[in-house]
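Read the structure below first, then the notes.
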Amino acid sequence: MGRRMKIPFERLDEEIAAVTSALETERLLEREYYQNSKRNEKERIRGLQLEEEVYITGEIWRIHFTSHNPLSGCSFIKNGSPVLLESGEFSLVCQVFRSTDKTIILQYKGEIEIPDNDTFQVSPWFSESTYTIYFDAIEKISLKEEKRARNLLAWILGYHANEKPSVPKSSVDLSQLDRILNTQDYLFIFGPPGTGKTTLLVNAIAELRKAGKTILALTPTNFACDYLVESCVKSQITPVRLGVSAKIGPEIQEYMLESLIENSEEQKQVLEWRKDYKQLIKKAKSWKRNFDREDRDERKQLYVEAKALQKSIDTLSKTARMQILEKADVIISTFVPAWNFHKEGKRFDYVIIDEATQGIEPAFYLSLLLADKVICVGDPKQLPPTLNASDSILSETFLEKGISRDDGNRTLYLDKQYRMPEEILKFSNIEFYENRIKTEKKIAGHPTLLPPFEKNLVWIDTAGSDAEENYENDDLSCFNQMEIDLILSLFNEESSFANLAILSPYRKQIQLLTSSFRDKFPKVIPPIIQTIDSFQGREAETIILSFVRTNDTGEIGFLKDYRRLNVGLTRAKENLILVGNSVTLSEDKRYHRLLSLVKEIGEYRSIFEFLY
Numbered sequence: 001m002g003r004r005m006k007i008p009f010e011r012l013d014e015e016i017a018a019v020t021s022a023l024e025t026e027r028l029l030e031r032e033y034y035q036n037s038k039r040n041e042k043e044r045i046r047g048l049q050l051e052e053e054v055y056i057t058g059e060i061w062r063i064h065f066t067s068h069n070p071l072s073g074c075s076f077i078k079n080g081s082p083v084l085l086e087s088g089e090f091s092l093v094c095q096v097f098r099s100t101d102k103t104i105i106l107q108y109k110g111e112i113e114i115p116d117n118d119t120f121q122v123s124p125w126f127s128e129s130t131y132t133i134y135f136d137a138i139e140k141i142s143l144k145e146e147k148r149a150r151n152l153l154a155w156i157l158g159y160h161a162n163e164k165p166s167v168p169k170s171s172v173d174l175s176q177l178d179r180i181l182n183t184q185d186y187l188f189i190f191g192p193p194g195t196g197k198t199t200l201l202v203n204a205i206a207e208l209r210k211a212g213k214t215i216l217a218l219t220p221t222n223f224a225c226d227y228l229v230e231s232c233v234k235s236q237i238t239p240v241r242l243g244v245s246a247k248i249g250p251e252i253q254e255y256m257l258e259s260l261i262e263n264s265e266e267q268k269q270v271l272e273w274r275k276d277y278k279q280l281i282k283k284a285k286s287w288k289r290n291f292d293r294e295d296r297d298e299r300k301q302l303y304v305e306a307k308a309l310q311k312s313i314d315t316l317s318k319t320a321r322m323q324i325l326e327k328a329d330v331i332i333s334t335f336v337p338a339w340n341f342h343k344e345g346k347r348f349d350y351v352i353i354d355e356a357t358q359g360i361e362p363a364f365y366l367s368l369l370l371a372d373k374v375i376c377v378g379d380p381k382q383l384p385p386t387l388n389a390s391d392s393i394l395s396e397t398f399l400e401k402g403i404s405r406d407d408g409n410r411t412l413y414l415d416k417q418y419r420m421p422e423e424i425l426k427f428s429n430i431e432f433y434e435n436r437i438k439t440e441k442k443i444a445g446h447p448t449l450l451p452p453f454e455k456n457l458v459w460i461d462t463a464g465s466d467a468e469e470n471y472e473n474d475d476l477s478c479f480n481q482m483e484i485d486l487i488l489s490l491f492n493e494e495s496s497f498a499n500l501a502i503l504s505p506y507r508k509q510i511q512l513l514t515s516s517f518r519d520k521f522p523k524v525i526p527p528i529i530q531t532i533d534s535f536q537g538r539e540a541e542t543i544i545l546s547f548v549r550t551n552d553t554g555e556i557g558f559l560k561d562y563r564r565l566n567v568g569l570t571r572a573k574e575n576l577i578l579v580g581n582s583v584t585l586s587e588d589k590r591y592h593r594l595l596s597l598v599k600e601i602g603e604y605r606s607i608f609e610f611l612y
């Protein structure tokens, strides 16, 4: 920080055009992937039977289906995932709201007539509307009429530097909180793992609200949204959570806009009016053998009444929504649902973007259109959003661009961490953060250890054993059964998994770990078992990290993305246990340094102490 990086474009419009082109490539690749008939044929679920269709609130409907075949093995059936529902000539893009082994509930928006067919089928799909909104945001910020947003974008990316307001020199000496409160246009907060980013944001939201400011908090993921909601509630801040409820945990439901509207007095009236509306339409469409002029006039009048009633329903629904949003201390959302505010002409005093590293660049253009002041918070040394094109310019995140093109006056670096013992942080601190992060003394040298280990940092080496990496059919995700067996051997029927998370870079390894724990410990609540990517932004007392890769060539695949390694190593609050083949991994210089550090300050063990 402090030295601006050279800008690779001459003008702002050139860079916007390059981002637009990259986004179009992403859309085409994703569409092509999901339209692949061979893939869809393989993953399609057939024979779903329609049970009921239920109106929820606003434009939201849910459809309930049953299945004769188990759904638990379908990897694309996840809450919030888009799917394509089909039956004959009918097709509709929905979201998975909830599923069990034999039932699935899909959610969609709008008045759409679902055919009364015998069977339906679903297949994985993608959200075309997300791309449409991002292209809209790019188009809007390119207009001269959006002067404030366009200026913010230009200043952040290093253009029009002579027009950018200067920052008072005294501001760099302010406290972290005051730096946020005194922001005049934009601020980047570089927050390494455990440095209290969320606590700082919640404190800032509380102070801004006391000052009468309106605040919109955005994040790229639903988990980050939910975590921010929970943190606000703990601090007596009243949030309202936007988004589709299919993506949101049950503990967040009472703060969702959808739930708040559903429980309002206005919604009770809306439901009554909807019953009347349906009766009017039904009567208007009723068939008569002898249809004279009087009947035609009556039908016309019924449609007039129905149209007027629908207008009243829309007006009352909007009133309920507006009243709830106005009472909120902060509105929390992922990027796409917030675009409605721009379409309604609504602007906020502040937009705060948390976990900004995981957001695709056009999402930030959207954010700049919604407020006069923008705070971006994240860690550019952690994982960026997943992209379809390997060489996309979007792989450099907006947060990275903003920090690298800043002179340091609008970047706040958080350098004290409160999460983990210094031993666990040490490798990442040296490799990724220039050894700048200080560990608070109160947590240095945690005494809590996981038996049978004597230190907080452990590597269990599988080298020399029969461990091997494997692939199943044409699945590119690999797994290592020996590492699974080793991890299982660390526990028994008396073990508690409440504070444990098991991570791996590979989806197939996660699937097999999940089923193995379920089989071995059927009566116990299992630990959290997730990919490193999906666990970003979270933490657990104990982390077990399964590296999987075991081969003679030293090939480690996407473990070469060291940001993934950094995320995996920095989730633990007390104990970090690494499971991997030292011979394979040490072919890479960075993993070799990691192994050497564990041997120096941690505990180095062999698989033969546990399984043989």
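Numbering-wise, the sequence shown is residues 1 to 612 according to UniProt numbering. C-beta atoms are modelled at their ideal positions from N, C-alpha and C, and glycine is treated no differently.
Opposing strand residues paired with residue i [DSSP bridges]
{"i": "residue 461", "result": "580, 606"}
{"i": "residue 98", "result": "105"}
{"i": "residue 526", "result": "In DSSP, residue 526 forms no bridge with anything."}
{"i": "residue 256", "result": "241"}
{"i": "residue 330", "result": "239"}
{"i": "residue 64", "result": "52, 105"}
{"i": "residue 540", "result": "572"}
{"i": "residue 373", "result": "350"}
{"i": "residue 45", "result": "122"}
{"i": "residue 378", "result": "190"}
{"i": "residue 417", "result": "439"}
{"i": "residue 411", "result": "188"}
Straight-line Cα distance separating residue j from residue i
{"i": "residue 484", "j": "residue 611", "result": "11 Å"}
{"i": "residue 302", "j": "residue 308", "result": "10 Å"}
{"i": "residue 107", "j": "residue 66", "result": "15 Å"}
{"i": "residue 517", "j": "residue 511", "result": "10 Å"}
{"i": "residue 181", "j": "residue 204", "result": "7 Å"}
{"i": "residue 285", "j": "residue 318", "result": "28 Å"}
{"i": "residue 57", "j": "residue 462", "result": "54 Å"}
{"i": "residue 123", "j": "residue 46", "result": "9 Å"}
{"i": "residue 156", "j": "residue 407", "result": "10 Å"}
{"i": "residue 98", "j": "residue 52", "result": "14 Å"}
{"i": "residue 118", "j": "residue 487", "result": "46 Å"}
{"i": "residue 207", "j": "residue 479", "result": "48 Å"}
{"i": "residue 500", "j": "residue 542", "result": "5 Å"}
{"i": "residue 86", "j": "residue 111", "result": "17 Å"}
Cβ separation of residue i and residue j, assumed to be a contact under 8 Å, to the nearest whole Å
{"i": "residue 383", "j": "residue 358", "result": "7 Å"}
{"i": "residue 546", "j": "residue 509", "result": "6 Å"}
{"i": "residue 185", "j": "residue 373", "result": "6 Å"}
{"i": "residue 96", "j": "residue 81", "result": "5 Å"}
{"i": "residue 23", "j": "residue 362", "result": "6 Å"}
{"i": "residue 231", "j": "residue 198", "result": "5 Å"}
{"i": "residue 558", "j": "residue 505", "result": "7 Å"}
{"i": "residue 393", "j": "residue 18", "result": "6 Å"}
{"i": "residue 242", "j": "residue 337", "result": "4 Å"}
Among the options, nearest to residue i - alpha-carbon criterion
{"i": "residue 140", "options": "459, 13, 463", "result": "13"}
{"i": "residue 215", "options": "267, 112, 328, 155", "result": "328"}
{"i": "residue 179", "options": "377, 584, 10, 321", "result": "377"}
{"i": "residue 342", "options": "114, 116, 584, 137", "result": "137"}
{"i": "residue 436", "options": "455, 451, 413, 423", "result": "413"}
{"i": "residue 381", "options": "394, 369, 400", "result": "400"}
{"i": "residue 439", "options": "415, 166, 164, 410", "result": "415"}
{"i": "residue 597", "options": "575, 470, 427", "result": "427"}
{"i": "residue 43", "options": "585, 74, 112", "result": "74"}
{"i": "residue 102", "options": "111, 68, 87, 121", "result": "68"}
{"i": "residue 70", "options": "91, 85, 79, 48", "result": "48"}
{"i": "residue 132", "options": "225, 270, 235, 335", "result": "335"}
C-beta contact flag for residue i and residue j at 8 Å
{"i": "residue 252", "j": "residue 209", "result": "no"}
{"i": "residue 344", "j": "residue 537", "result": "no"}
{"i": "residue 218", "j": "residue 127", "result": "no"}
{"i": "residue 30", "j": "residue 340", "result": "no"}
{"i": "residue 532", "j": "residue 503", "result": "yes"}
{"i": "residue 465", "j": "residue 482", "result": "yes"}
{"i": "residue 313", "j": "residue 365", "result": "no"}
{"i": "residue 191", "j": "residue 391", "result": "no"}
{"i": "residue 76", "j": "residue 402", "result": "no"}
{"i": "residue 320", "j": "residue 267", "result": "yes"}
{"i": "residue 525", "j": "residue 497", "result": "yes"}
{"i": "residue 564", "j": "residue 458", "result": "no"}
Distance cut-off 7 Å: residue i Cβ against heavy atoms of the ligand GTP
{"i": "residue 429", "result": "Of the ligands one can find in the structure shown there are none, so the ligand GTP has no counterpart to examine."}
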